[in-house]
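**Student:**
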Amino acid sequence: MKYDYLRIEKKWQDIWDDECIFRAEVEPDKPKFYALIEFPYPSGNGLHVGHARPYTALDILSRKRKREGYNVLFPMGWDAFGLPTENYAIANKVHPADVTRENVAKFKSQCKLLGYSFDWDREINTTEPEYYKWTQWIFLKLFEHGLAYKAKMPVNWCTSCKCVLANEEVVDGVCERCGADVERREKSQWMLKITAYAQKLLDGLKDVDYPERVKLQQENWIGRSEGAEVDFNTDAGDVLKVFTTRPDTLFGATYMVLSPEHPYLKKWSDRLNNYEEICEYARQAAHKSDFERSELNKDKTGVRLDGVSAINPVNNELIPIYVSDYVLMTYGTGAIMAVPGHDTRDWEFAKKFDLPIVEVVAGGDVSIEPYLDTETGTMVNSGFLNGMEVPEAKKAIIERLSELGLGTPMVNYKLRDWVFSRQRYWGEPIPIINCPKCGHVPLREEDLPLVLPDVDSYELTDSGESPLSQIREWVEVECPKCGGPAERETDTMPQWAGSSWYFLRYTDPHNTEELASQKAMDYWMPVDWYNGGMEHTTLHLLYSRFWHHFLYDIGVVSTKEPYKKRTSHGMILGDGGEKMSKSRGNVINPNDIVREYGADTMRLYIMFIGDFEKAAAWSSTAVKGCKRFLDRIWNLYGQLENSEKISKANETEIHKTIKKVTGDIEELKFNTAIASMMSLLNKFQDNGATKGDYSILLQLLNPFAPHITEELWQMLGHDGLLSATPWPAYDEEKTKDERITFAIQVNGKLRSTVELDADSTNDEIVEAAKRDEKVQRFIADKSIVKTIVVPGKLVNLIAK
RNA sequence: GCGGGUAUGGCGGAAUUGGCAGACGCGCCAGACUUAGGAUCUGGUGUUUCACGACGUGCAGGUUCAAGUCCUGUUACCCGCACCA
Numbered sequence: 086m087k088y089d090y091l092r093i094e095k096k097w098q099d100i101w102d103d104e105c106i107f108r109a110e111v112e113p114d115k116p117k118f119y120a121l122i123e124f125p126y127p128s129g130n131g132l133h134v135g136h137a138r139p140y141t142a143l144d145i146l147s148r149k150r151k152r153e154g155y156n157v158l159f160p161m162g163w164d165a166f167g168l169p170t171e172n173y174a175i176a177n178k179v180h181p182a183d184v185t186r187e188n189v190a191k192f193k194s195q196c197k198l199l200g201y202s203f204d205w206d207r208e209i210n211t212t213e214p215e216y217y218k219w220t221q222w223i224f225l226k227l228f229e230h231g232l233a234y235k236a237k238m239p240v241n242w243c244t245s246c247k248c249v250l251a252n253e254e255v256v257d258g259v260c261e262r263c264g265a266d267v268e269r270r271e272k273s274q275w276m277l278k279i280t281a282y283a284q285k286l287l288d289g290l291k292d293v294d295y296p297e298r299v300k301l302q303q304e305n306w307i308g309r310s311e312g313a314e315v316d317f318n319t320d321a322g323d324v325l326k327v328f329t330t331r332p333d334t335l336f337g338a339t340y341m342v343l344s345p346e347h348p349y350l351k352k353w354s355d356r357l358n359n360y361e362e363i364c365e366y367a368r369q370a371a372h373k374s375d376f377e378r379s380e381l382n383k384d385k386t387g388v389r390l391d392g393v394s395a396i397n398p399v400n401n402e403l404i405p406i407y408v409s410d411y412v413l414m415t416y417g418t419g420a421i422m423a424v425p426g427h428d429t430r431d432w433e434f435a436k437k438f439d440l441p442i443v444e445v446v447a448g449g450d451v452s453i454e455p456y457l458d459t460e461t462g463t464m465v466n467s468g469f470l471n472g473m474e475v476p477e478a479k480k481a482i483i484e485r486l487s488e489l490g491l492g493t494p495m496v497n498y499k500l501r502d503w504v505f506s507r508q509r510y511w512g513e514p515i516p517i518i519n520c521p522k523c524g525h526v527p528l529r530e531e532d533l534p535l536v537l538p539d540v541d542s543y544e545l546t547d548s549g550e551s552p553l554s555q556i557r558e559w560v561e562v563e564c565p566k567c568g569g570p571a572e573r574e575t576d577t578m579p580q581w582a583g584s585s586w587y588f589l590r591y592t593d594p595h596n597t598e599e600l601a602s603q604k605a606m607d608y609w610m611p612v613d614w615y616n617g618g619m620e621h622t623t624l625h626l627l628y629s630r631f632w633h634h635f636l637y638d639i640g641v642v643s644t645k646e647p648y649k650k651r652t653s654h655g656m657i658l659g660d661g662g663e664k665m666s667k668s669r670g671n672v673i674n675p676n677d678i679v680r681e682y683g684a685d686t687m688r689l690y691i692m693f694i695g696d697f698e699k700a701a702a703w704s705s706t707a708v709k710g711c712k713r714f715l716d717r718i719w720n721l722y723g724q725l726e727n728s729e730k731i732s733k734a735n736e737t738e739i740h741k742t743i744k745k746v747t748g749d750i751e752e753l754k755f756n757t758a759i760a761s762m763m764s765l766l767n768k769f770q771d772n773g774a775t776k777g778d779y780s781i782l783l784q785l786l787n788p789f790a791p792h793i794t795e796e797l798w799q800m801l802g803h804d805g806l807l808s809a810t811p812w813p814a815y816d817e818e819k820t821k822d823e824r825i826t827f828a829i830q831v832n833g834k835l836r837s838t839v840e841l842d843a844d845s846t847n848d849e850i851v852e853a854a855k856r857d858e859k860v861q862r863f864i865a866d867k868s869i870v871k872t873i874v875v876p877g878k879l880v881n882l883i884a885k
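According to this note's numbering, the first sequence holds residues 86 to 885 in order.
1. For residue 751, which residues of its own chain have a beta-carbon under 8 Å away from its beta-carbon, when the five flanking residues on both sides are left out?
2. Between the Cα of residue 372 and those of 405, 91 and 266, spot the shortest distance and give me the residue it belongs to.
3. Starting from the Cα of residue 887, find the closest Cα among 455, 454, 453 and 448 and give me that residue.
4. Roughly how many whole angstroms lie between the Cα atoms of residue 268 and residue 245?
5. Kindly confirm or deny that the stretch 189 to 198 and the stretch 125 to 133 touch, where touching means at least three C-beta pairs closer than 8 Å.
6. What did DSSP end up calling residue 316 once you bin it into helix, strand or coil?
7. Is it true that the CB of residue 748 sits closer than 8 Å to the CB of residue 697?
8. For residue 381, does the three-state DSSP call read helix, strand or coil?
9. Alpha carbons only, please: which of 327, 579 and 495 is nearest the one belonging to residue 250?
10. Can the beta-carbon of residue 853 be found less than 8 Å from the beta-carbon of residue 870?
11. On the three-pair Cβ rule with 8 Å, is the stretch 807 to 819 touching the stretch 772 to 791?
12. Got a sec? Which residues, its chain only, sit under 8 Å from residue 843 by beta carbon, not counting five neighbours each side?
13. Should residue 896 and residue 592 be called a contact, given that it needs their Cβ atoms to be closer than 8 Å?
14. Just tell me which of 295, 227 and 92 has its CA closest to the CA of residue 612.
15. I'd like to confirm the pairing. Which residues does DSSP put opposite residue 854 in its beta bridges?
16. Measure the Cβ-Cβ separation of residue 443 and residue 337 and say whether it is below 8 Å.
17. State the DSSP-derived secondary structure class of residue 646, mapped to helix, strand or coil.
18. Which partner residues does residue 237 have in the DSSP bridge list?
19. In terms of DSSP beta bridges, what is residue 504 paired with?
20. Cα-Cα, which of 240, 185 and 162 is closest to residue 209?
21. Is the beta carbon of residue 796 sitting closer than 8 Å to the one on residue 97?
22. Per DSSP, what kind of secondary structure is residue 117 in: helix, strand or coil?
23. Could you spell out where the beta strand (DSSP E) holding residue 651 opens and where it closes?
24. Considering only DSSP beta bridges, list what residue 157 is partnered with.
25. Excluding the five sequence neighbours on either side, which residues of its own chain have a C-beta within less than 6 Å of the C-beta of residue 158, listed in chain order?
26. Count the other C-beta atoms from every protein chain shown that fall within 10 angstroms of the C-beta of residue 595, then say buried if there are 16 or more, exposed otherwise.
27. Looking at the unbroken beta strand (DSSP E) that takes in residue 792, where does it start and where does it end?
28. Quick check: what's the CA-CA separation for residue 263 versus residue 243?
29. Please return the same chain residues whose Cβ sits closer than 6 Å to the Cβ of residue 887, not counting the five positions on each side in sequence.
30. What do you get for residue 105, buried or exposed, if any count of 16 or more other CB atoms within 10 angstroms of its CB means buried?
31. Quick test of the definition: if touching needs 3 or more C-beta pairs under 8 Å, does the stretch 300 to 312 touch the stretch 421 to 437?
32. Keeping to the same chain, check which residues put their C-beta closer than 8 Å to that of residue 639; ignore five residues upstream and five downstream.
33. Could you give the DSSP three-state label for residue 633: helix, strand or coil?
34. Where does the unbroken beta strand (DSSP E) through residue 780 begin, and where does it stop?
35. Specify, as a first and last residue, the run of the alpha helix (DSSP H) that residue 712 falls within.
36. Can the beta-carbon of residue 794 be found less than 8 Å from the beta-carbon of residue 728?
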């Protein structure tokens, strides 16, 4: 009989569906396993092989865990709000909801084609009101707790599209879509105060099992720095605060710099003799995009404030103040004390403006270049700090500043608040009413969901407002508080919103009363294993952790961290090792592979392609190797010995393979797991195999290639589904060979091998080694001064 | 500039963490079956040498009986962040 993969795969997919074998229910006395993949954005291109890699990996893990007796939750859904759908809708004059429906259907059928064991009863979609009701509810909670606020923010403004862009949409300083210049504009935006959770998000990393590189990337993104806030009095009679990580270098602070957006510039306008010049500089700085401001950093620019100076608190020296765009308003206090002797940027600036450069940590020659190796070192030119080591000086100066009331220890973070507004249609409406009298008034909970209204045109408005602002009958409402005329917020939420809590909804997706029941969340949460792409490490992963910490703080969820373990897969590249893209024409569609080789081959190859965590290039020829493997499995069926027993000849290899596959799946080493099953098949072909031998191989291969193995399992005459049989166990004793081939080295070089009983004594091994013909040639005229025996491995004879 | 990572045959990649480098697969070579083969099966395949052997994990040193693995230095490439005080 021929291996008719298309017939077989359809047959078993229908059976799994009919028998609902992957449906998950709360079973309190069974250990649970919640496996999560990042739900996809259902784009018009359909599922591509890049999706198949992580989905197949966790499908394998889930199927295995299920057979090990775990109660497995492996759900799937759609992160369906977002720009591409909206743009497609604009271009083709269709409703984004219709586009979404079509794309979801396509994605779903593709997932089914690949035989994934998703529990489809728990399918969710972020664009459905039943779902986004709860996204809005969480927003209201954040608002209620002061973590959502509206603020004027500089935003990225595309001069051609006339709309606000997210940071991610600005690539190399230009608009990702149209290539036009992007400039900064002040705009009122909804913000989420993720900075309030900076320390918690940092601390939480200690309790989770994430790859080190993911933790490091999150730590760097949060960017905690310890230092001090120092007050500089000015001759204008007020106090200029700065943040510094190096208060010990205060004696070297020979000038100060304000960011062009610093409020003191305006405050001091009367005293500044060159206020016009300063304003002009600030205007130019504002016109520069972030990109320009950082790219064109070779040349430091700035203007001295003529009319105000600061007083260095440790030596009471009068020092000049400058404005320069190398100081950012968004970090620290927007003002710095400049220590040109020990900071590259300050040094460059001081050189250009001919400012004094003072060495305060001994070591370099600050007239030639800044001396930066100052984590340790001795203080000089620093008054009472002279002679102290750096760490000691840090303590001493903070103490002194505290006594003077001019400074306190301070921690700063690079993390900034989350810009939560989008002036777009296809997103969750923000459930706020703007009342001229009462300000921002939240919708009442019972008025949720605030349903996205239909609109005639999704085109953006000239003013950069959301298309929602065009629907006056939707916008104009009564204020829930005072009953007066008010307007709805017309901004929508970013795509990150729906994905920040979706894993909670999976635990109880049809609940109409709560985002999920306490019982369901208590049982299923936290997610045991979350796999996703490295590109989501700093945004999605951080955002969702933030929401979860918040939900924990208000008592909605019972764990601080949402994900116990996180792993990341590498990208799938095109045949030549380049990124797959339509323009290169190297995109592989999984449907084509399924049609030509079958889903089992597709699954097997995508796992065999290489190290799961690293990028891998697709190879059209290598796919065939996996098909060949399945063909050979299929063909072996006709040559089996009719015995249910495990054959003696294969027993050791079988136990070794069970051990290898069992362990490798848990470590995501799918490529070597498959290699070991290929080896076992080779063994079977050499030695012959019984039905018992063969059954074990089918059981191991089942999570990887679930369809063909079910079919062969049935052909063998077994009752019931293979997918429901227990995972095979191995006997450690039986993984050990009775005979072992020992390597024999002379002076560390391999000269021969000898096969001996595994329980041979060291003496016996050494004797056998010395007797070996080839070895004799190398030791004949020498005496052996030392022998080293590595049990079960090798002998090394040291001869002189 | 800062942070992280990678480097092994013609190719994708293995190597129980210091113990036979190149598992497994692709490709290639030879043979078998065949009217035919881009199907299948069998054998071979790191380089070099007629052979014994010698050499071989980006490069240069070192530690060790023994190094792809540990240490020091160095180069190239990839990813993330980037004037963060």
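Just so it is clear, CB atoms sit at the ideal spot from N, CA and C, and this is done for glycine as well.
Here the structure is a predicted model, which means the values were calculated and not measured.
**Tutor:** Concretely, from the data shown:
1. 146
2. 266
3. In the structure as shown, the chain begins at 86 and stops at 885. Residue 887 is therefore absent and cannot be evaluated.
4. Whole-angstrom Cα-Cα distance: 11 Å.
5. The stretch 189 to 198, when compared against the stretch 125 to 133, does touch it at the 8 Å Cβ threshold.
6. strand
7. The criterion of a C-beta distance shorter than 8 Å is not satisfied by residue 697 and residue 748.
8. With a pLDDT of 48 at residue 381, under the threshold of 50, the modelled position of that residue is not reliable, and the figure given next carries that caveat. Residue state, collapsed to three classes: coil.
9. 579
10. no
11. yes
12. 821, 822, 823, 824, 825 and 877
13. The structure shown has nothing for residue 896, since the chain only spans 86 to 885.
14. 295
15. According to DSSP, residue 854 shares a beta bridge with no other residue.
16. yes
17. coil
18. 273
19. Answer by DSSP bridge pairing, in chain order: 276.
20. 162
21. Cβ distance < 8 Å, so residue 796 and residue 97 count as in contact.
22. strand
23. 651 to 654
24. 118
25. 109, 119 and 609
26. Residue 595 comes out exposed.
27. Residue 792 -> not in any beta strand (DSSP E); alpha helix (DSSP H) instead, spanning 791 to 800.
28. 9 Å
29. Because the chain is modelled from 86 through 885, residue 887 falls outside the range shown and cannot be assessed.
30. exposed
31. no
32. 226 and 230
33. helix
34. Segment 776 to 786 is the alpha helix (DSSP H) holding residue 780; no beta strand (DSSP E) there.
35. 705 to 721
36. no
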